[in-house]
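Beneath this line is the structure, given in structure tokens, with notes to follow.
Chains as they are written, first to last, in my numbering: chain A, 1 to 300; chain B, 1001 to 1337.
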């Protein structure tokens, strides 16, 4: 036992990095080869996101803000895919904007991955539109509260917003009954709550999918200021399973496309990494108490 | 062993393994594109007549589409191997491994990747700042005809108010640049004061509304929260949902009061105040633990995404999206299932 404690005390941190790499890579290989994913049980916050979108009637405009960049894509891309998947299946009018400069490219990728591939009947400019990026952070949000077209005068493709059918009837941001933000930091979900939701007097509801780092800071806003919350990859996996089960084709033998299983695939590596973390915390505590006891014995 | 020797061995092992992988099955890390012909009808205006603009785009496509097209017609030109995308793929893999290599030890590969990230980010922000802020907002207001004719034909003409505001913004911007001048640096204090004043004004109102008032209201919860059956209001409270909801409210109120007590330093933390502060510390510790757990989850998700990229797009070891026709991994998977 004492030899084991001595090894633990002197363990090079690079062994821990290697163990973490194996615990993440192993499940990725297994899931990638077998195609099996872990079962998910949606929590109330994920169910609330699904419910808010489902409550809208077809043709209702929704504002979808991509407030992230590829650096957070590992967590947020699966959420973006599933959110757009549900909105498209529901027949909502999707108005995409970005407050992060790399957002428009991510919007285009999501449109290509979901709408163009699986909903080819939806027309650009009529059923969905990409308004691109606007600099100004909170200032853009404040302007949208009074004049939406002033904040986004043209689409990403250079069309004046007055000519876009998808924006018919939209003068201010509170003309959208629902705001969906996929958020990685500043500006993001917190700023939307502070500058838009609080000022709209309850006219607009908001749901968000955010990174793990942001999630604890957003929980206090749920369920009053924030109607639904997808926290980190776990929230993404729960919501993904919910959307997949509701949109599953009648022919149940048909497999769900891999792009709609991205978050659930990433829960395997999460399991491996978390088991390792728990084991390391236990081992660290054993080492700590063993050290303390030996010091106490030495002094007495 | 000297560090340089270690790195030579590590790199050699990786090169050998990649070389072996390239010779097995379909090989690895090749990117293909599909030719898409585009056209747009340009309406007639004062300067030009109506015309049709045509161009060709090359969109990334899964290898299996290229292989199927080649099998059907070896002389087809719709799908093609893309050198540019393939080099991009190899560079992405190299930089991913270079960044990971820092976990072992600092090395030139990591420093190269770090320098490239910083350089690319700075250049990208510069370009974004010019094309997405200066061109449509500043130049679009001050030289609307030039921007309308040469860059953004659909940009609406600015109002007089916008033009005046942009002259004001330009003046403030130039004053801010005086910080770089050898003399007159004090001039930059005026725009800084303006920025601080506007930001403070915006933030104070929004924080009071959303965080102070709304969060205080959200804290006033009934300690007994009756949950009625959704099927029939007559059937009375549902026992366990009522207990759980009430318990959640009680814990919330206790947590708020105890955490506030912990941060209340006008009273010595002894007796009741001390015990409440101790409970407050426990709540804070649980919060920090939850934040740490979420952060770990986030970082592991990012790591998983990069490893998935290496295994799928680069090494072609796995194929969850079915991008390739015959795959060693798929064959193993079907045997296992």
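Idealized CB from N, CA, C, for every residue including glycine.
### Query
Buried or exposed: where does residue 1060 (chain B) fall if 16 or more other Cβ atoms within 10 Å of its Cβ makes it buried?
exposed
### Query
Using a Cβ-Cβ distance under 7 Å, would residue 1099 (chain B) count as near chain A?
no
### Query
Is residue 243 (chain A) buried or exposed, if buried means 16 or more other CB atoms sit within 10 Å of its CB?
buried
### Task
State whether the segment 83-96 of chain A contacts the segment 46-62 of chain A, with contact taken as three or more CB pairs (one from each stretch) at a distance under 8 Å.
yes
### Message
Quick check: what's the CA-CA separation for residue 1173 (chain B) versus residue 1125 (chain B)?
### Response
17 Å
#### Entry: Which of helix, strand or coil DSSP assigns to residue 1037 (chain B)
strand
### Message
Quick check on this structure: which residue in A:16, A:7 and A:3 has the alpha carbon closest to the alpha carbon of residue 279 (chain A)?
### Response
A:16
#### Entry: Where residue 1273 (chain B) falls: helix, strand or coil (DSSP)
helix
### Query
Is there at least one Cβ from chain A nearer than 7 Å to residue 1135 (chain B)'s Cβ?
no
### Query
Straight-line CA distance for residue 301 (chain A) to residue 68 (chain A)?
For residue 301 (chain A) there is no data in the structure shown, the boundaries of chain A being 1 and 300.
### Query
Are three or more beta carbon pairs between the segment 211-220 of chain A and the segment 58-67 of chain A nearer than 8 Å?
no
### Query
Would you say residue 1176 (chain B) reaches chain A, if we count a Cβ-Cβ gap shorter than 7 Å as a contact?
no
### Query
Which one of B:1097, B:1184, B:1187 and B:1138 has the shortest CA to CA distance from residue 1168 (chain B)?
B:1138
### 7 Å Cβ cutoff, residue 346 (chain A) in contact with chain B
No information on residue 346 (chain A) is available, as it lies outside the stretch 1 to 300 that chain A covers here.
### Query
Are the beta-carbon atoms belonging to residue 235 (chain A) and residue 21 (chain A) less than 7 Å from one another?
no
### Task
With a 10 Å radius around its C-beta and 16 neighbouring C-beta atoms as the bar for buried, classify residue 158 (chain A) as buried or exposed.
exposed
### Contacts around residue 1140 (chain B), its chain only, beta-carbon distance under 6 Å, and the 5 residues preceding and following it disregarded
1147 and 1155
### Task
State the beta-bridge partners of residue 1058 (chain B) as determined by DSSP.
B:1035
### Message
In the DSSP output, which residue or residues are listed as bridge partners for residue 67 (chain A)?
### Response
A:183
### Message
Buried or exposed for residue 178 (chain A), going by 16 or more other Cβ atoms inside 10 Å?
### Response
buried
### Query
Between which two residues does the alpha helix (DSSP H) harbouring residue 1049 (chain B) extend?
Looking at the DSSP string, residue 1049 (chain B) is not in any alpha helix (DSSP H), and its letter there is neither H nor E.
### Task
Jot down the residue ranges of each uninterrupted alpha helix (DSSP H) in the segment 199-286 of chain A, minimum 4 residues, whole runs only, in chain order.
215-218, 232-246 and 262-265
### Message
Which residues in chain A have a C-beta closer than 7 Å to the C-beta of residue 1073 (chain B)? List them in chain order.
### Response
Near residue 1073 (chain B) there are no residues of chain A at all, since even the closest Cβ is about 24 Å away, more than 7 Å.
### Query
With a CB to CB cut of under 6 Å and the five nearest residues on each side skipped, what residues in its chain are close to residue 80 (chain A)?
110 and 182
### Message
For residue 1079 (chain B), report the span of its beta strand (DSSP E) as first-last.
### Response
1079-1081
### Message
Can you give me the C-alpha to C-alpha distance between residue 353 (chain A) and residue 1270 (chain B), rounded to a whole angstrom?
### Response
No statement about residue 353 (chain A) is possible, as the shown extent of chain A runs from 1 to 300 and does not include it.
### Task
At 7 Å on the CB atoms, spell out the chain A contacts of residue 1156 (chain B), in chain order.
153 and 160
### CA nearest to the CA of residue 164 (chain A), picked from A:18, A:149 and A:176
A:149
### Message
Does any residue of chain A have a CB that is nearer than 7 Å to the CB of residue 1385 (chain B)?
### Response
The question about residue 1385 (chain B) has no answer here: the residues shown for chain B are numbered 1001 through 1337.
### Query
Mind checking residue 1312 (chain B): buried by the 16 CB within 10 Å criterion, or exposed?
buried
### Query
Leaving out five residues before and five after residue 203 (chain A) in sequence, what residues of the same chain have Cβ atoms less than 6 Å from its Cβ?
174
#### Entry: Where residue 156 (chain A) falls, given that 16 or more other Cβ within 10 Å makes a residue buried
buried
### Message
Would residue 212 (chain A) and residue 1294 (chain B) qualify as a contact pair, given that the criterion is a beta-carbon distance under 7 Å?
### Response
yes
### Task
Measure the C-alpha to C-alpha separation of residue 1307 (chain B) and residue 104 (chain A) and round it to an integer number of angstroms.
25 Å
### Task
Can you give me, in chain order, the residues of the segment 1289-1308 of chain B that have a beta carbon less than 7 Å from any beta carbon in chain A?
1290, 1291, 1294, 1295, 1296, 1297, 1298, 1300, 1301, 1302, 1303, 1304, 1305, 1307 and 1308
### Query
How long is the line joining the alpha carbons of residue 162 (chain A) and residue 125 (chain A), rounded to whole angstroms?
11 Å
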